[in-house]
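**Q** As you go down the protein sequences, you meet chains A and Z in turn. Note that our numbering gives residue 102 to position 102 of the first sequence, counting from 1, and the numbers run on in steps of one. Our numbering runs 199 ahead of the 1-based position in the second sequence. In this text, a Cβ means the ideal position worked out from N, Cα and C, and glycines have one as well. Note that the structure is a prediction, hence the values are computed from the model and not measured.
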Amino acid sequence: MKIDHTQPLEYSTDQNQLNILGFWIFLGAEIMLFATLFTAYFTLEGRTGSGPTPADIFEITPVLIETFVLLTSSFTIGLGVHAMRLGRKNAMLTFFGITLLLGLGFLGVEIYEFTHYYHVGATYQTSAFTAALLTTLGTHGAHVTLGLFWGLFIILQVKKRGLTPENANKSFIFSLYWHFLDVVWIFIFSFIYLKGMMM
Amino acid sequence: MEFFERFAIPHPSPMIYASMVAIALVSIGILVGITYFKKWGYLWHEWFTSVDHKKIGIMYLISALIMLFRGGADAILMRAQLSSPEMKLLDAQHYNEIFTTHGVVMIFFVVMPFIFAFMNLIVPLQIGGRDVAFPRLNALSFWLFFAGAMLFNISFVIGGSPDAGWTSYFPLAGNDFSTSVGTNYYMLALQISGIGSLMTGINMITTILKMRAPGMTLMKLPMFTWSALITNVIIVFAFPVLTIALLMGTTDRLFGTNFFTTGNGGMDMLWANFFWVWGHPEVYILILPAFGLYSEIISTFSGRNLYGYKSMVGSMVLISLLSFLVWTHHFFTMGQGAFTNSIFSITTMAIAVPTGVKIFNWLFTMWKGKIRFTVPMLYSVGFIPLFTIGGVTGVMLAMSAADYQYHNTMFLVAHFHNTIIPGVLFALLAGLTYYWPKFFGFMLNEKIGKSTFWLVAVGFVLTFFPMYITGLDGQARRMYTYSEETGFGPLNMLSFVGSALFAIGFVTLVYNLYYSFKNSPRNIGSDPWDARSVEWATHTPIPEYNFARLPQVASSEAFWDMKKKGHKLFTGELKEIHMPNNSGVPFVLGIIFFIAGFSFVFALWVPAVVAVIGIFVCMALRSFEQDHGRHINVKEIKEIEAQYEEVPGNEDRSHTTTRV
Numbered sequence: 001m002k003i004d005h006t007q008p009l010e011y012s013t014d015q016n017q018l019n020i021l022g023f024w025i026f027l028g029a030e031i032m033l034f035a036t037l038f039t040a041y042f043t044l045e046g047r048t049g050s051g052p053t054p055a056d057i058f059e060i061t062p063v064l065i066e067t068f069v070l071l072t073s074s075f076t077i078g079l080g081v082h083a084m085r086l087g088r089k090n091a092m093l094t095f096f097g098i099t100l101l102l103g104l105g106f107l108g109v110e111i112y113e114f115t116h117y118y119h120v121g122a123t124y125q126t127s128a129f130t131a132a133l134l135t136t137l138g139t140h141g142a143h144v145t146l147g148l149f150w151g152l153f154i155i156l157q158v159k160k161r162g163l164t165p166e167n168a169n170k171s172f173i174f175s176l177y178w179h180f181l182d183v184v185w186i187f188i189f190s191f192i193y194l195k196g197m198m199m
Numbered sequence: 200m201e202f203f204e205r206f207a208i209p210h211p212s213p214m215i216y217a218s219m220v221a222i223a224l225v226s227i228g229i230l231v232g233i234t235y236f237k238k239w240g241y242l243w244h245e246w247f248t249s250v251d252h253k254k255i256g257i258m259y260l261i262s263a264l265i266m267l268f269r270g271g272a273d274a275i276l277m278r279a280q281l282s283s284p285e286m287k288l289l290d291a292q293h294y295n296e297i298f299t300t301h302g303v304v305m306i307f308f309v310v311m312p313f314i315f316a317f318m319n320l321i322v323p324l325q326i327g328g329r330d331v332a333f334p335r336l337n338a339l340s341f342w343l344f345f346a347g348a349m350l351f352n353i354s355f356v357i358g359g360s361p362d363a364g365w366t367s368y369f370p371l372a373g374n375d376f377s378t379s380v381g382t383n384y385y386m387l388a389l390q391i392s393g394i395g396s397l398m399t400g401i402n403m404i405t406t407i408l409k410m411r412a413p414g415m416t417l418m419k420l421p422m423f424t425w426s427a428l429i430t431n432v433i434i435v436f437a438f439p440v441l442t443i444a445l446l447m448g449t450t451d452r453l454f455g456t457n458f459f460t461t462g463n464g465g466m467d468m469l470w471a472n473f474f475w476v477w478g479h480p481e482v483y484i485l486i487l488p489a490f491g492l493y494s495e496i497i498s499t500f501s502g503r504n505l506y507g508y509k510s511m512v513g514s515m516v517l518i519s520l521l522s523f524l525v526w527t528h529h530f531f532t533m534g535q536g537a538f539t540n541s542i543f544s545i546t547t548m549a550i551a552v553p554t555g556v557k558i559f560n561w562l563f564t565m566w567k568g569k570i571r572f573t574v575p576m577l578y579s580v581g582f583i584p585l586f587t588i589g590g591v592t593g594v595m596l597a598m599s600a601a602d603y604q605y606h607n608t609m610f611l612v613a614h615f616h617n618t619i620i621p622g623v624l625f626a627l628l629a630g631l632t633y634y635w636p637k638f639f640g641f642m643l644n645e646k647i648g649k650s651t652f653w654l655v656a657v658g659f660v661l662t663f664f665p666m667y668i669t670g671l672d673g674q675a676r677r678m679y680t681y682s683e684e685t686g687f688g689p690l691n692m693l694s695f696v697g698s699a700l701f702a703i704g705f706v707t708l709v710y711n712l713y714y715s716f717k718n719s720p721r722n723i724g725s726d727p728w729d730a731r732s733v734e735w736a737t738h739t740p741i742p743e744y745n746f747a748r749l750p751q752v753a754s755s756e757a758f759w760d761m762k763k764k765g766h767k768l769f770t771g772e773l774k775e776i777h778m779p780n781n782s783g784v785p786f787v788l789g790i791i792f793f794i795a796g797f798s799f800v801f802a803l804w805v806p807a808v809v810a811v812i813g814i815f816v817c818m819a820l821r822s823f824e825q826d827h828g829r830h831i832n833v834k835e836i837k838e839i840e841a842q843y844e845e846v847p848g849n850e851d852r853s854h855t856t857t858r859v
């Protein structure tokens, strides 16, 4: 394995560069995936049948908590990657750990939010609007859940095997994924919740 | 007993029971045969766990050919059922299932794996590389495709096939009107193989962008690789739409959501839009690699470089953009109003422009060339006029006002077969014949190949051209019978005769594989067609690492430059070569995905959950795995290279070129 020391560790081998480009292309596909979900949501948000409307069920408090927690986690993983580039393994692991804890907090609030919807009569089967809402939120939430496991595995590997080019590559790609989930959340926050509460 | 009743076929007929027995016997026969000849170890080590792009390509190819016969059997049954009025061969339900599976099998499980076969076989060689960017992901793509294909095919004998058309429009495909599990099979089988396609897309784009030989800039890519690059970009942007549409269709059917239902706010047209936002780009996913193959073949057998290289690339880019802007033309009659229809009419007709550019480029490539009418060239020359007719009827269909007459008639069926068969199928058969010697070490017999071409071409014309007439006369598609008074009988009989010729053509193709395997000479060298681009610059059979030294490229026809202009393709010292290790995980994941899909089809939640957990466990294991591949050292390379007698580009070609 040839290591090019003029590059940051995560770009330092040929395979690492391939992995990063491949992951960017994957994120392109993910953008299409969420774009399709948003299209479905915007088409169906007014089609509530006999069920509740967006304004009936949205609550600002949990949504704001989720937003602050997730945006902060995007900041901390940025600090983690910065620490990684400085070669400070422990600082990096700490920031990655904080990121995952914040992700877990986000997920907890989202689960509370879903039970709230269930109790106010907005279930998966209620209407086209609730199906589109819960599928969009659920797909994002499933991504976060997967990310929690993925991030945990990366922390364990960095801890055990150190900051190798391979581990740095994995950590960097994971940070791309995490930032992407944050970007998607900004769209969800603005165009699903805020728009829904103003209608 | 109640548990097992769900697996019964809802509309049994003797034909289905006969196929059940046949499938069981063939499966048992294969298993017994492999065990008897002690080939399990060979299959496992050399094929099932292989991450070699060439072997994966060959597995795609074999699967596609087998599925071609499955889809072809459906086609023959349809033509036989319609060959005369009030035919009693199939009942309405059985006919519905057959036209549905014919469409799905041909698009997803014949043409897609066929083009993936060519991409896998040729792209790494054409860019002078050693494998794709992510070899193990590549194996996973294949096994997911294979799992999806098998899942779809067992619907025929377990639980019933889908019957809502290959477009699976809601509300017809919803629980109210499609009560069997058939449509569940559709949703899940396509989801699984679609994930595989998406991963191939990512893999191929990364490969082409990052792994090209020294000197090969993007504008020096051989044309097939260009077509593969653009196709894979379309795949990456189109397939996620299908993923979501299928997810919603699945939850509608299994969990009672209301995306596409007619109550509680559901919107059935949302499915139609999503389906075609994926489905129309899919058409170009099929045709662009075919265009790439024609470009390679026409230029080789005209003895000239490809005319208008830049405009070829430009027109493909333009086609890929336009392909996302035309989807509404699939349902002009479904009420979007004159303004929307007009816009989509114009974008649709606009696609004819870049396509026309390509047609003229091929003609100019042949102009003043010394054309050798080999089998691949015959298909290419046959393609140009036949495809142009399909294109012209496409422009007719693009006129939204006139479309009210053509919509859902046999005219449409004639049109899209007229583009897909000469456009895609001819290219695949031409490519098969053209690249066969590179991968199998012997040529296919030219004489039998020519009779295959004529049978397929004449069979195609006789089968589909009568449909233009009956379609304009008002024969609707997807109707399982018609009355004597309609007068459709004679032309439908002609179609049936044509489809029989078509079928005989495929029998000759299989015979050709057998005959050539037995009789063709093996001393054909590495460049039997006197070809032009780098994939022919390696030995036959191709060594595992493709090229001992990476080629130094200065044009899109570097091999031709080497042969005729003294270009030095391979220079420098041999170096150690890094290769990926085999892995059994993709195969195991294929099986787990199959089990997961099957369990979801029948709403068996316990195995479904177990299988999904199994998928995540495989992913977790992969995360912790350390696999740095292996190295082939210089001594081993020298030993392998010494086994080959000829040097590519210098051999005597008299035994192959004199025959044509």
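For the segment 55-87 of chain A, which residues have a CB atom closer than 7 Å to at least one CB atom of chain Z, in sequence order?
**A** none
**Q** For T856(Z), decide whether its Cβ has a neighbour in chain A, counting only Cβ atoms nearer than 8 Å.
**A** The pLDDT assigned to T856(Z) is 45, lower than 50, so where the model puts this residue is not dependable, and the model offers no usable value.
**Q** Given that a residue counts as buried once 16 or more other Cβ atoms are within 10 Å of its Cβ, and exposed if not, what is R411(Z)?
**A** buried
**Q** How long is the line joining the alpha carbons of G381(Z) and V833(Z), rounded to whole angstroms?
**A** 55 Å
**Q** Are the CB atoms of V435(Z) and R335(Z) within a distance shorter than 8 Å?
**A** no
**Q** Just the chain A side, please: which residues come within less than 8 Å of A819(Z) by C-beta, in chain order?
**A** Residues of chain A passing the Cβ test: F149 and F153.
**Q** Would N780(Z) be called buried (16 or more neighbouring beta carbons within 10 Å of its own) or exposed?
**A** exposed
**Q** Check whether the Cβ atoms of R88(A) and M466(Z) lie closer than 8 Å to each other.
**A** Not closer than 8 Å, so no.
**Q** Have a look at the DSSP bridge pairing and note the partners of M778(Z).
**A** R829(Z)
**Q** Pick out whichever of L820(Z), E835(Z) and W246(Z) has its Cα sitting closest to the Cα of Q157(A).
**A** For Q157(A), the closest C-alpha among the options L820(Z), E835(Z) and W246(Z) is that of L820(Z).
**Q** Do I314(Z) and F26(A) count as a contact pair if the criterion is CB distance below 8 Å?
**A** No, they are not a contact pair.
**Q** Around the C-beta of I261(Z), are 16 or more other C-beta atoms found within 10 angstroms, so that it is buried, or is it exposed?
**A** Counting Cβ neighbours within 10 Å, I261(Z) comes out exposed, since fewer than 16 surround it.
**Q** Using a Cβ-Cβ distance cut-off of 8 Å, determine whether I3(A) contacts chain Z.
**A** Not an interface residue.
**Q** Distance, Cα to Cα, L417(Z) vs T499(Z)?
**A** 21 Å
**Q** Compare the Cα-Cα distances from L445(Z) to each of A841(Z), F369(Z), M666(Z) and A600(Z) and report the closest residue.
**A** F369(Z)
**Q** Tell me whether A675(Z) sits in a helix, a strand or coil according to DSSP, three-state version.
**A** In the structure shown, A675(Z) sits in a strand (DSSP, three-state: E or B).
**Q** Apart from the five residues on each side of it in sequence, which residues of its chain come closer than 7 Å, Cβ to Cβ, to A388(Z)?
**A** Leaving aside the five residues that flank A388(Z) on each side, the residues in its chain whose CB is nearer than 7 Å to its CB run, in chain order, G347, L350, F351 and G796.
**Q** What residues of chain A sit near K774(Z), judged by a beta carbon separation below 7 Å?
**A** The contacting residues do not exist; K774(Z) stays about 11 Å from chain A at best.
**Q** Would you say the segment 673-691 of chain Z touches the segment 747-754 of chain Z, given that touching needs at least three Cβ pairs under 8 Å?
**A** no
**Q** Among K762(Z), G256(Z) and V808(Z), which has the Cα closest to the Cα of I637(Z)?
**A** The sequence given here places Lys at residue 637(Z); Ile does not occur at that position. Of the candidates K762(Z), G256(Z) and V808(Z), the one whose C-alpha sits nearest the C-alpha of K637(Z) is G256(Z).
**Q** For the structure I just gave you, are there three or more beta carbon pairs, one from the segment 603-617 of chain Z and one from the segment 552-571 of chain Z, closer than 8 Å?
**A** no
**Q** For the alpha helix (DSSP H) that contains F639(Z), what are its first and last residues?
**A** For F639(Z), the enclosing alpha helix (DSSP H) starts and ends at F625 to F639.
**Q** In the segment 112-132 of chain A, which residues sit with their C-beta less than 9 Å from some C-beta in chain Z, listed in chain order?
**A** Y124, Q125, T126, S127, A128, F129, T130, A131 and A132
**Q** Using a Cβ distance threshold of 8 Å, determine whether the segment 469-484 of chain Z contacts the segment 525-532 of chain Z, with at least three qualifying pairs required.
**A** Touching, yes.
**Q** Between which two residues does the alpha helix (DSSP H) holding T456(Z) run?
**A** Counting along the chain, T456(Z) falls outside any alpha helix (DSSP H), and DSSP gives it neither H nor E.
**Q** Let me make sure I understand the geometry here. Which of D290(Z), E840(Z), A263(Z) and W239(Z) has the alpha-carbon closest to that of M214(Z)?
**A** D290(Z)
**Q** CB H210(Z) to CB G359(Z), shorter than 8 Å?
**A** Yes.
**Q** Can a CB atom of chain A be found closer than 8 Å to the CB of V440(Z)?
**A** yes
**Q** What is the rounded straight-line gap between the Cα of T39(A) and the Cα of G828(Z)?
**A** Spanning the two alpha carbons is a distance of roughly 43 Å.
**Q** Quick one: give me the first and last residue of the alpha helix (DSSP H) that A346(Z) is part of.
**A** P334 to I353
**Q** Determine whether the Cβ of F746(Z) lies closer than 8 Å to any Cβ atom of chain A.
**A** no
**Q** If I follow the unbroken alpha helix (DSSP H) through H119(A), where does it start and stop?
**A** K89 to H119
**Q** Within this structure, are the beta carbons of F652(Z) and L712(Z) separated by less than 8 Å?
**A** no
**Q** Check this for me: beta carbons of I831(Z) and M761(Z), under 8 Å apart or not?
**A** no
**Q** In chain A, what lies closer than 8 Å to I391(Z) by C-beta?
**A** The contacting residues do not exist; I391(Z) stays about 16 Å from chain A at best.
**Q** Cα-Cα, which of L37(A), I60(A) and N90(A) is closest to K195(A)?
**A** I60(A)
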